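Asks: Just so we're aligned: the sequence shown equals residues 4 to 401 in the numbering used here.
Glycine included, C-beta positions come from ideal geometry on N, C-alpha and C.
Predicted model, so just to flag it, every value in this text is computed and none were measured.
After the structure tokens below, expect a handful of questions from me.
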Amino acid sequence: MTSTRTDPIVIAGAGHVGLIAAIAIGQTFDNVISLGTIPEGNDKRTTALMVPAITYLQKIGLWEAIEPHAAPITTMRIIDGTNRLIRSPTVTFEAGEIDEAAFGYNIPNVTLTSVLSDALKHSTVRHVAASASHYHPTEGAIAVEASDGSMYTANIVIAADGRSSLAREAAGISARTWSYNQTAIVLSFSHTREHHDISTEFHTEHGPFTQVPLAGKRSSLVWVTTPAHAVELLELDRNQLATRVEERMQSMLGAVTIDVDPQSWPLSGLVPTSFARNRVFLAGESAHVFPPIGAQGLNLGVRDVETLLETLPNDGTDLGASSVISTYNRKRSPDIIARTGAVDALNRSLLSDFLPVQMVRSGGLELLRAFSPLRGFVMREGLRPGSGFRFPRKGAAH
Numbered sequence: 004m005t006s007t008r009t010d011p012i013v014i015a016g017a018g019h020v021g022l023i024a025a026i027a028i029g030q031t032f033d034n035v036i037s038l039g040t041i042p043e044g045n046d047k048r049t050t051a052l053m054v055p056a057i058t059y060l061q062k063i064g065l066w067e068a069i070e071p072h073a074a075p076i077t078t079m080r081i082i083d084g085t086n087r088l089i090r091s092p093t094v095t096f097e098a099g100e101i102d103e104a105a106f107g108y109n110i111p112n113v114t115l116t117s118v119l120s121d122a123l124k125h126s127t128v129r130h131v132a133a134s135a136s137h138y139h140p141t142e143g144a145i146a147v148e149a150s151d152g153s154m155y156t157a158n159i160v161i162a163a164d165g166r167s168s169l170a171r172e173a174a175g176i177s178a179r180t181w182s183y184n185q186t187a188i189v190l191s192f193s194h195t196r197e198h199h200d201i202s203t204e205f206h207t208e209h210g211p212f213t214q215v216p217l218a219g220k221r222s223s224l225v226w227v228t229t230p231a232h233a234v235e236l237l238e239l240d241r242n243q244l245a246t247r248v249e250e251r252m253q254s255m256l257g258a259v260t261i262d263v264d265p266q267s268w269p270l271s272g273l274v275p276t277s278f279a280r281n282r283v284f285l286a287g288e289s290a291h292v293f294p295p296i297g298a299q300g301l302n303l304g305v306r307d308v309e310t311l312l313e314t315l316p317n318d319g320t321d322l323g324a325s326s327v328i329s330t331y332n333r334k335r336s337p338d339i340i341a342r343t344g345a346v347d348a349l350n351r352s353l354l355s356d357f358l359p360v361q362m363v364r365s366g367g368l369e370l371l372r373a374f375s376p377l378r379g380f381v382m383r384e385g386l387r388p389g390s391g392f393r394f395p396r397k398g399a400a401h
């Protein structure tokens with residue numbers, strides 16, 4: 004079986020990363036197939052997209068429809084909510100310090116799904132509402148069999164089919180996985196005080212408790228805790244849970260009313276041994292899974308797509324050539340491995356009762372609080388990998 008560039012590009016998976024990939028690739032290449040079932044609009048979670056991801060969504064024509072539903076995040080604050088002997092100082096990051104109007108925007112997942120699925124319908128991409136059930140890679144192409152019985156001979160496959168990726172497995176890419184003794188509870192709530200576009204992350208002994216602004220006097224919440232405590236919280240009624248949330252936030256936003264019932268997910272991590280092989284390119288959770296800290300998840304997935312478009316040749320060259328595979332691996336490996344390691348280390352440092360670890364974490368946050376050039380470096384690097392080293396603007400606060 005030999006592939007030609009007339010063979011389709013198959014995007015496996017129709018979650019947010021898969022849809023973004025299909026729309027973006029369809030704007031550059033012909034004969035693109037999106038394979039997967041688009042999620043129903045009942046996901047009550049929200050997603051914080053940082054400025055570089057927003058810029059890319061603008062570039063491919065998606066942001067204008069999303070923006071009216073998005074809430075800006077102009078300030079991010081870290082507060083030590085532990086009762087440990089050594090407590091860290093409160094650190095505040097202002098987007099204005101690095102000449103940005105906002106770090107990013109918090110968007111309801113239902114909005115993302117609706118806008119992306121609508122954009123797909125109006126694109127040249129062919130969408131097949133069935134999942135891939137079998138892959139057979141050869142040197143020159145990939146045979147893809149879908150759950151509805153349809154068959155495709157693909158030039159390449161973009162594996163946006165999640166953490167248990169069938170395409171990744173078929174490509175012979177193994178992955179290291181691990182789990183945390185933690186559960187994330189996700190909900191949204193209204194409050195009586197203004198949030199002033201500030202996101203606050205309380206570091207607790209069991210993980211981060213992160214409030215992210217939504218439009219109006221509303222916020223979303225990701226509360227990472229122990230599985231046992233999560234079960235206890237999920238058994239509470241809305242009023243009881245609202246009291247717990249308000250207490251944990253030290254009544255920072257006034258009285259709390261839970262307006263979206265909580266959902267929960269066990270936390271885990273995943274990193275593959277490579278990010279492209281045998282004509283399969285990984286994107287989204289097939290390429291990286293880690294705890295919900297620092298708004299990295301979908302942002303990293305958007306960078307996967309952006310890098311993919313930078314890597315795929317548009318001159319008729321075989322998209323699955325070994326040179327293309329190696330280029331994508333070289334471009335994605337440092338970013339994904341660094342982000343995965345950083346998030347894992349931060350999460351484990353929160354859980355550690357080892358005094359020297361607490362001292363290092365506290366000392367690091369004190370440096371960030373007191374030293375504006377370091378704070379600027381961290382903010383720039385957090386938004387755009389490799390952009391941390393830059394001279395501070397004139398008149399920057401110290």
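Using the three-state DSSP reduction, which class does Ser-222 fall into: helix, strand or coil?
Replies: strand
Asks: Between which two residues does the beta strand (DSSP E) holding Thr-95 run?
Replies: First-last of the beta strand (DSSP E) with Thr-95: 94-97.
Asks: Measure the C-alpha to C-alpha separation of Val-274 and Ala-258 and round it to an integer number of angstroms.
Replies: 41 Å
Asks: Which stretch, first to last residue, makes up the alpha helix (DSSP H) that contains Gln-30?
Replies: Premise fails: Gln-30 is in no alpha helix (DSSP H) and is neither H nor E.
Asks: Tell me whether the beta-carbon of Pro-11 lies closer than 7 Å to the beta-carbon of Ala-157.
Replies: yes
Asks: Tell whether a beta-carbon distance below 7 Å holds between Ala-105 and Thr-77.
Replies: yes
Asks: When you compare the CB positions of His-408 and Thr-228, do they come within less than 7 Å of one another, or not?
Replies: What is shown of the chain runs 4 to 401, which leaves residue 408 out entirely.
Asks: Quick one: grab the DSSP three-state call for Val-363.
Replies: Note that Val-363 scores a pLDDT of 39, beneath 50, so its modelled location is shaky and nothing firm can be said.
Asks: Could you check the C-alpha separation between Thr-203 and Asn-112 for me, to the nearest Å?
Replies: 20 Å
Asks: Just list the beta strand (DSSP E) runs in the stretch 116-165, keeping only unbroken ones of 3 residues or longer that don't cross its boundaries, in chain order.
Replies: 129-131, 135-140, 145-149, 154-157 and 159-162
Asks: To the nearest angstrom, how far is the alpha carbon of Ile-14 from that of Ser-271?
Replies: 25 Å
Asks: With DSSP collapsed to three states, give me the class of Gln-266.
Replies: strand
Asks: What are the residues that DSSP puts in a beta bridge with Ile-81?
Replies: Val-94 and Glu-204
Asks: Should Arg-171 be labelled buried (16 or more other beta-carbon atoms within 10 Å of its own) or exposed?
Replies: buried
Asks: When we look at the beta-carbon of Gly-21 and count the other beta-carbons within 10 Å, is it buried (16 or more) or exposed?
Replies: buried
Asks: Starting from the C-beta of Arg-280, find all residues in its chain whose C-beta is less than 7 Å away, skip the five residues before and the five after it, and write them out in chain order.
Replies: Ala-174, Gly-175, Ile-176 and Ile-328
Asks: Where does the unbroken beta strand (DSSP E) through Gly-210 begin, and where does it stop?
Replies: 210-217 is the extent of the beta strand (DSSP E) around Gly-210.
Asks: Please go through the same chain and pick out, in chain order, the residues whose beta-carbon is closer than 6 Å to the beta-carbon of Ser-134, but skip the five residues on each side of it.
Replies: Gly-39 and Ser-150
Asks: Hey, Ala-162 and Val-292: beta-carbon distance below 7 Å or not?
Replies: no
Asks: In angstroms, rounded to a whole number, what distance separates the CA positions of Arg-221 and Trp-181?
Replies: 34 Å
Asks: Quick one: grab the DSSP three-state call for Arg-171.
Replies: helix
Asks: Would you please state the rounded distance, in angstroms, between the beta carbons of Thr-260 and Phe-192? I believe it to be under 8 Å.
Replies: Indeed they touch by this definition, with Cβ atoms about 6 Å apart.
Asks: Given a cut-off of 7 Å on the beta-carbon distance, is the pair Glu-148 and Ser-167 in contact?
Replies: Contact flag unset, no.
Asks: Quick check on the DSSP output: what are the complete alpha helix (DSSP H) runs of length 4 or more inside the stretch 297-333, in order along the chain?
Replies: Segments of the alpha helix (DSSP H) lying fully in the stretch 297-333: 300-314.
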